[in-house]
Structure formats: C-alpha cells, structure tokens
Amino acid sequence: MLIGQSLEGVEHSIRKERGINPHVIPLKHPREEIQEEIRKPKPAVMAAKPKLWYFHGRGRMESIRWLLAAAGVEFEEEFLETREQYEKLQKDGRLLFGQVPLVEIDGMELTQTRAILSYLAAKYNLHGKDLKETVRIDMYADGTLDLMLMVALAAFKPPEEKEESLALAVKKAKTRYFPVFEKILKDHGEDFLVGNKFSWADIQLLEAILTMEELDASVLSDFPLLRNLRQESATFLPLRSSCSLGVRGSRPQIATMLRLSGTSCSSKGSSLTMAD
Numbered sequence: 032m033l034i035g036q037s038l039e040g041v042e043h044s045i046r047k048e049r050g051i052n053p054h055v056i057p058l059k060h061p062r063e064e065i066q067e068e069i070r071k072p073k074p075a076v077m078a079a080k081p082k083l084w085y086f087h088g089r090g091r092m093e094s095i096r097w098l099l100a101a102a103g104v105e106f107e108e109e110f111l112e113t114r115e116q117y118e119k120l121q122k123d124g125r126l127l128f129g130q131v132p133l134v135e136i137d138g139m140e141l142t143q144t145r146a147i148l149s150y151l152a153a154k155y156n157l158h159g160k161d162l163k164e165t166v167r168i169d170m171y172a173d174g175t176l177d178l179m180l181m182v183a184l185a186a187f188k189p190p191e192e193k194e195e196s197l198a199l200a201v202k203k204a205k206t207r208y209f210p211v212f213e214k215i216l217k218d219h220g221e222d223f224l225v226g227n228k229f230s231w232a233d234i235q236l237l238e239a240i241l242t243m244e245e246l247d248a249s250v251l252s253d254f255p256l257l258r259n260l261r262q263e264s265a266t267f268l269p270l271r272s273s274c275s276l277g278v279r280g281s282r283p284q285i286a287t288m289l290r291l292s293g294t295s296c297s298s299k300g301s302s303l304t305m306a307d
C-alpha cells in the first residue's frame with residue numbers, strides 16, 4: 032500500500048490488476064466478502080485413526096485398546112513380529128525410552144503406558160469433570176494397574192513359579208484391591224467409581240475383574256457391587272474388529288516378547304524393555 036493512498040484507492044488498484052472494471056461498484060464491501068468466506072462451512076477433515084505398535088498379545092497395550100474402544104474410537108495396530116521391526120523403531124528414535132507400547136495420535140508419538148492412558152482419558156472425556164474427580168480416577172486406575180502388573184510379571188516367571196505368582200495375584204485381588212473398590216461403591220451408592228459416570232477408572236477395574244475371573248471364576252462371589260459394575264461397564268465396551276476386546280484367552284505371546292526384546296526368563300535382573 033502506497034503511503035497516503037486511501038482504502039478506496041487500494042481497492043481500485045487491486046480490482047484493476049485483477050481485470051475487474053474498477054468503475055463498477057462492487058455489490059459487497061470486501062470486508063463483507065471476507066466475513067462470508069469465514070462463515071462458510073468448511074469440509075470436514077477425517078482425522079487419522081490412532082495407530083498402535085506392540086507385540087501380538089495383550090500386555091501393556093490392552094488397557095489402551097480398552098480405553099479407545101470405550102471412547103468409540105477405531106484404531107489400527109502394527110504388530111511387532113520380528114526383532115528387526117522392534118529394532119527399527121528404536122533406531123529411528125521413535126521409542127523415547129526404548130520401550131513399547133507406542134501410540135501415534137494427534138500428530139504425536141506417545142510412549143509410557145500411564146501417560147498414554149492419561150492423555151486418552153482426558154481427550155475422550157473419561158477423566159472426570161474437575162481436578163478432584165481426576166485425581167480420584169488416577170488413584171483408582173493406578174491401584175488397578177498395580178494389580179495387573181502382578182499378573183504381567185507372573186508370565187515371566189519359570190513354569191514352577193508362575194502358578195504360585197498368579198495365585199498370589201488372585202489372593203491380593205480378593206483381600207486388598209477388590210474390598211477397597213467394593214467399599215467405594217457402597218459408600219457413595221452409585222454404579223461407577225467416580226461421579227456416577229463411566230471413566231478410565233472403571234475401564235481399568237473391568238479389565239482387572241475379567242482377568243481375575245479367568246484365573247478364578249468365583250473371584251467376585253463376595254463383591255456384589257463389583258459384579259454390578261462389571262455388568263454396567265460392559266455396555267460401554269462394544270466389540271470391534273480392530274480390537275482384541277472380549278477375546279479372552281489371547282494372552283500375550285510371552286516367548287515372542289522375550290525373543291524380540293532380547294530378554295530371557297532365566298536372566299535375573301534383566302531389563303524388560305517391552306513395557307514400561
């Protein structure tokens with residue numbers, strides 16, 4: 032714009048440059064045209080599906096699958112079936128601490144299971160309505176994850192110790208974890224753990240309940256409110272072709288996980304790099 036040139040003069044010059052008769056009065060002021068352009072509905076952009084990288088099995092990725100399914104989000108999975116696939120992710124710098132699970136979502140590559148779960152829970156409105164609800168959801172979810180870790184670690188024990196470790200996990204569920212959640216439900220008299228609304232905490236607990244029932248079908252015999260929560264929560268978890276939800280018995284292929292990560296069951300103090 033030349034110094035001292037009026038807005039009308041600028042518009043006159045622009046119309047002339049564009050081959051428009053500068054002496055014809057436009058039907059609309061340029062500002063009106065801009066505002067109309069802004070108000071025009073933009074074509075919807077299809078968001079890319081989240082993509083999950085993990086070994087072919089449940090493991091640490093299963094909780095992430097459950098949360099996505101509860102949110103009604105379809106996703107893609109890339110199963111790591113060769114050591115070369117796993118090493119390429121490491122070499123390309125895509126695994127922050129050299130571990131899976133890895134989730135690609137919203138232009139980010141996320142690692143560390145609890146961080147991924149926390150992000151997804153917040154993104155899909157499964158993390159409470161305020162800070163007080165959020166911290167309670169985090170407490171309950173973390174407690175359940177601690178219980179599930181006992182089951183995951185049992186899979187790495189020698190055969191003669193594995194059953195004993197799984198039995199201990201069931202015992203802990205009955206005596207330490209499930210009584211706490213039963214009391215929470217009894218105290219507030221609602222169907223779900225926090226705010227009478229389905230949340231990440233309920234998803235984690237449902238996964239733990241179903242896992243423990245595989246090990247001991249009567250594990251909920253003394254917990255009627257947890258049986259009700261299991262029933263209520265299940266309605267939020269539709270089966271999806273892209274998700275292993277509901278496919279009970281599809282335990283992580285531990286031997287494959289160990290082989291790909293270079294870990295051995297017999298190596299004491301070895302670093303289990305396939306999960307955080």
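As numbered in this note's numbering, residues 32 to 307 make up the sequence shown, in order. Where a beta carbon is used, it is the ideal one built from N, C-alpha and C, also for glycine.
- Checking the DSSP bridge columns, you'll see ILE136 partnered with MET139.
- By the C-beta criterion, the region 171-179 is judged to be in contact with the region 232-240, since at least 3 inter-stretch pairs fall below 8 Å.
- Three or more pairs of CB atoms, one per stretch, sit closer than 8 Å, so the region 240-257 contacts the region 199-216.
- Close CB contacts of VAL131 within its chain, under the 8 Å cut and outside five residues either way in sequence, are with TRP84, TYR85, PHE86, ARG91, MET92, LEU111, TYR117, LEU120, THR142, MET305 and ALA306 (chain order).
- LEU98 is not a Cβ neighbour of PHE106, given a cutoff of 8 Å.
- The Cβ atoms of GLU140 and PRO81 do not sit closer than 8 Å to each other.
- Annotation for PHE110: the continuous beta strand (DSSP E) segment containing it runs 107-110.
- Counting the other Cβ atoms within 10 Å of the Cβ of VAL182 gives 16 or more, which makes it buried.
- Counting along the chain, LEU176 sits inside the alpha helix (DSSP H) bounded by residues 162-185.
- Distance from the Cα of LEU256 is smallest, within the candidate group HIS219, GLY226, PHE267 and GLU245, for HIS219.
- Non-local C-beta neighbours of GLU221 in its own chain, meaning closer than 8 Å and more than five positions away in sequence, comprise ASN227, ordered along the chain.
- Per DSSP, LEU236 lies in no beta strand (DSSP E); the unbroken alpha helix (DSSP H) holding it starts and ends at 231-246.
- Apart from the 5 residues on each side of it in sequence, TYR150 sits with its Cβ closer than 7 Å to the Cβ of LEU141 in its chain, given in chain order.
- Take the alpha-carbon of ARG145 and the one of TRP231: they are about 11 Å apart.
- Looking at the backbone, the Cα of TYR155 and that of GLU191 are separated by about 42 Å.
- Within the region 80-126, the complete alpha helix (DSSP H) segments at least 4 residues long are 92-101 and 114-122, listed from N- to C-terminus.
- Within the model, the alpha-carbon separation for LEU246 versus PHE209 is close to 15 Å.
- Within the same chain, Cβ atoms closer than 6 Å to the Cβ of GLU109 are found at TRP84, the five residues on either side in sequence being excluded.
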